[in-house]
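Using our numbering, the letters of the sequence shown map in sequence onto residues -18 to 643.
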Amino acid sequence: MRLKKTISREKSTENDRHKTNVISLAIFIIFLFLQWKFDFLNIPYFLKIFLLSCLLLFPSGYLISEYFFNFSKIEKIVSSFVLGYTFFSLFSFFAYLLSLKLITFLQIFLVLNFILVIIYFLINPKFSKAQNDKDNFFILSIISIIIFFISVHYGAWISGDAIIHIPKIRQIVELNKIEYQSFFVKGLYVEQRGHNPIHPLLAAVSVLAHVDCFYVWIYIIALLAPIKFLSYYISTKVVFGNKKFALFSSLILFLVEGVFNVDFFRGEFSPFWLFGSGMPCVGPVVLSIFLPYILFLVFKYLQTQEKNFLLFLSLVSFATTLTHMMYYLYILFATFSFCVFSFLFKKYHGALYKKILIILIFLTVPSFFYTFYMTNKVNRPIVNPAFKSLTGEVSPGYNPVKFLDREKKYPIVDPFIGIWPSVFSKISFLFLPLFILQSKKFLSSLYIISVSISQIIILLNPLLLHLLMPIHPPMQAYYMLVVVVPYAWMFSYIIWYLLDLIKDKFGKSSYYLAVSVGCICVFLSLPKCFENLKNISFTFKTSENMFEQYKKMKDVIDSKIPFGSVVVMKKNLLWYWPVFFSHFPLTHPNRGLLPPNYDVETVDKKIENLLSNPESEESLEFVKQYKVDYIVLQKEKTKKDILVGYEKILEYGKLVFYKPNI
C-alpha cells in the first residue's frame, strides 16, 4: 500500500513538473516574440543580451536533453546550450541554403520552438530521476556567477578574429539576409568555410535585443565563459569518473586562465582576459565548449552503450563543423588517435577500439562529407598571395616551423615553440610516462597519451611534413594540432596524483600540509595577479569608447550611403571600417581575409590609381567593371572639390564621398 502511494506521488510530481516546464517554455518563447516586436526590456545591455541569448537557445536544448537523456543539473545546463545551439545551427544551415532573410528565419525558428513545446506537451515523457550533483552544484554556481561578472567587466576582445566575424554579423543584420558572399568583395560567394551558425545567432540576438551587433559581440561572453567552465567540468567528471577531481581540475583551469591570466599552452600573460575575452571567436567556442562536450558524449556512450549518445554526437559534430571546420578535423584526429591506441592496448581494454570506431563513424557522418564538399568548393585558381605563403608564421614572433635543410624541403616543428613552450606544457609532457603506465587501466590516461603521442609523431616527423607541405604550404593546419592536447587535464592530474601520493606515503597530516602550502602560495600571488588583471588593456570600456567614436560617424554615413554599397577607400582606413559599416571595399590590409581566387595585387594597383587619379579613363573603367558605388577621398589630399564624372554626396571630417555618374 505504501509503495502504491509512493508511485502515485512520484507520478503526480512528474506530471506537475511536466506542466510547469511546458508553461514556462511557452512563456519564454512568447516573451521573445513580444520583446522583438516592442522592445520593452529596459535593462543594461549585458543583461539584455545574456537573457535573450539564453531564451533563444535553451528552450529547444532543454526539451531535447529532458526527453532523450537522464542528466544532472549541471549537465542539463550545458546540454541545453549545446543542443539548443545544435538545433539552431541545423535550421540556420537550411536558411543559408535557401538564402532566407534573417527576419523570416527568426519567425520560423520561434514557431518551430513553439511547435517543439506542443509536441513535448502531447508526448508527456516519463522522466528518470535526475542525477544528484548537489555536492558541487553550489560551488560551481558561485564560480559561474563570478565568471559572469568578470566577463561583463572585460567584454570580448575587439581585435584579431573580431574583424572577421563582426562584419559578417553586421552584414546579416543590415542586409537582412543569411548568405555568404565575401564581406569585402561583392558577389563573390567563396567563403570556403561555408555557413557559420555563430553569425546568424549573434545577428538574431542583435535584432531581438534591438542592440547594435558590436555590443552583442562584446557581451555574449557573459554566457559563453560560464558555459565553458561548466562544459569543462562535466567532461572531466565523465572522462575521469571523479567529481572531486573534476571540481579540482576546473578550479585549476579557472585559476590559471581566469585569475593568473596565463595561457596553458604559451605560458604567457595575455593583453586580454584569457579565460573568456576571445570566446565569441569560433575557435575558442569549439575548443572550450564543443570539444569537451563531444568528449562528454563519447565517454557517456562508452560507459552506457546508449544509442542516443551516438545520434546526438553526430548532430553536435555537424554543428561543430559548421562553426569551425578545421577544429572539427582536429577533433576527428583526436578520436582517430584514441581508436588506434585503444587497438594497440586491446590486451588491456578488449574490444574498446570497436566501440570507438563506431563513434568515429558517427562523428564523420555527415560532417566529413560536408567538409569534403566545402574544401573542394574553394574557387580556383588560388591567386591571392596570402594563400601561398610558406613562412608558417601566423602572428609576428610566432613561427614554430623550422627546416632541417637549406633548400627548405624538410620542415619540422620546433618542440620548444610549437609543442611545449610553457612551464605547464613542459611539466605535462615530463609526466607523460605516468599516463602511459596508467593507460592500461584508465581510459582517461589512454585518451591523453593517444592525442599527445600522435601529434608528436606528426610534428617531429620531417619526412611526413615534407609530404604534407604541398597540400598546405603555410603549415598552420599541422602545427595547430596541439590545440586538442588536454594540457589542463594533464597538469591538474599531476598535482592531484602527487597529493594522493603524499597522502598514501606520509599520511593525511602531510597531505593537508601540502594542500595548505599550495593554497598559501596561491593566496600570496593573488595581489600580483589582480594587479596584472587591472593592467589588461582590452576591457568593455575600451571597446565601448571605440564604438562611441564611430557611432556619430556611422549615423551620418548610414543616412547617406546605403547598406551593401561598394565603397573604395585607402587601405589604412579599412582595418575597422567593415566592423561598423556594411560596405564592400574590394580590398583589405590583411589579404588573408580576401577570397583565395581574388587577384588582390592587380585590384590594389587599380584602386591606388583610382584614388590618385579618379577622372582617368582607366579609373572610370575600373569603377564600371567592379560596379563601384562610392569612392572616399581624404580632404587634404584632394586637389579639387568637383570631379568630372562624379557627384559629391557627403563630407564628414576629412573624408569626402563621391558617387560615380555611370
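Just so you know, even glycine gets a beta-carbon here, dropped at the ideal spot from N, CA and C. Model, not experiment: these values are computed from the prediction.
For Lys167, the secondary structure class from DSSP, reduced to helix, strand or coil, is coil. Distance from the CA of Leu427 to the CA of Ser323, rounded to the nearest whole angstrom, comes to 7 Å. The residues Lys224 and Ala227, in chain order, have a CB closer than 7 Å to that of Lys218 in the same chain once the five nearest residues on each side in sequence are set aside. Per DSSP, Lys629 is one residue of the beta strand (DSSP E) stretching across Tyr627 to Tyr633. Across the structure, Leu418 and Leu567 are spaced so that their CA atoms are roughly 57 Å apart.
Within 10 angstroms of the beta-carbon of Asn242 lie 16 or more other beta-carbons, which makes it buried. In the pairwise beta carbon analysis, the stretch 305 to 318 is classified as not touching the stretch 93 to 102: fewer than three pairs are separated by under 8 Å. If you keep only unbroken alpha helix (DSSP H) runs of at least 4 residues inside the stretch 588 to 616, you get 598 to 606. Rounded to the nearest angstrom, the gap between the Cα atoms of Leu22 and Ile8 is 15 Å. Under DSSP, Phe638 forms a beta bridge with Val613 and Leu631. With fewer than three CB-CB distances shorter than 8 Å, the stretch 41 to 54 does not count as touching the stretch 137 to 146. Phe19 and Leu6 have their alpha carbons spaced roughly 20 Å apart.
The three-state reading of DSSP puts Ile270 in helix, counting H, G and I together. For the stretch -5 to 75, not one full-length beta strand (DSSP E) segment reaches 3 residues or more. Ser125 is positioned such that its CB atom lies closer than 8 Å to that of Leu211. Approximately 25 Å separates the beta-carbon atoms of Phe52 and Ser73; this is outside 8 Å, ruling out the contact. Contact between Ser546 and Tyr611 holds, since their C-beta atoms are separated by about 6 Å, short of 8 Å. Around Asp244, the same chain offers Glu238, Ser251, Leu255 and Ser403 as residues with beta carbons nearer than 8 Å, after the five sequence neighbours per side are excluded.
Counting along the chain, the unbroken beta strand (DSSP E) around Pro392 starts and ends at Pro392 to Val394.
In the DSSP assignment, Val547 is bridged to Phe565. In the three-state reduction of the DSSP assignment, Val432 falls in the helix class.
Across the set His447, Ser431 and Phe416, the C-alpha of Phe416 shows the shortest separation from the C-alpha of Phe472. By the C-beta density criterion, Ser497 is exposed, having fewer than 16 other C-beta atoms within 10 angstroms. Residue nearest to Tyr26 within the set Asp193, Ser70, Val3 and Glu160 is Asp193 (criterion: CA-CA distance).
Residue Asn177 holds the alpha-carbon nearest to the alpha-carbon of Thr352 among Tyr607, Asn177, Ser420 and Val197.
Exposure of His453 is indicated by the presence of fewer than 16 other C-beta atoms within 10 angstroms of its C-beta. If you compare the alpha carbons of Ile429, Ile400, Trp401 and Leu276 with that of Pro414, the shortest gap goes to Ile429. Between Pro451 and Ile393, the CB-CB gap reaches or exceeds 8 Å.
If you draw a straight line from the Cα of Met456 to the Cα of Glu529, it comes to about 39 Å. Short of 7 Å from the beta carbon of Lys336, and not among the five residues preceding or following it, lie these beta carbons of its own chain, in chain order: Leu283. Taking the C-beta atoms as reference points, Pro577 is found no nearer than 8 Å to Leu624. When the five nearest sequence neighbours on each side are left out, no beta carbon in the same chain lies closer than 6 Å to the beta carbon of Leu71. DSSP lists no beta-bridge partner residue for Lys328. Secondary structure within the stretch 394 to 419: the alpha helix (DSSP H) runs of 4 or more consecutive residues, fully enclosed, are 396 to 399, 404 to 411 and 413 to 419 (chain order). Taking C-beta atoms as the reference points, Phe562 and Ile538 count as a pair closer than 8 Å. Residue pairing of Val243 in beta bridges, as defined by DSSP: Phe250.
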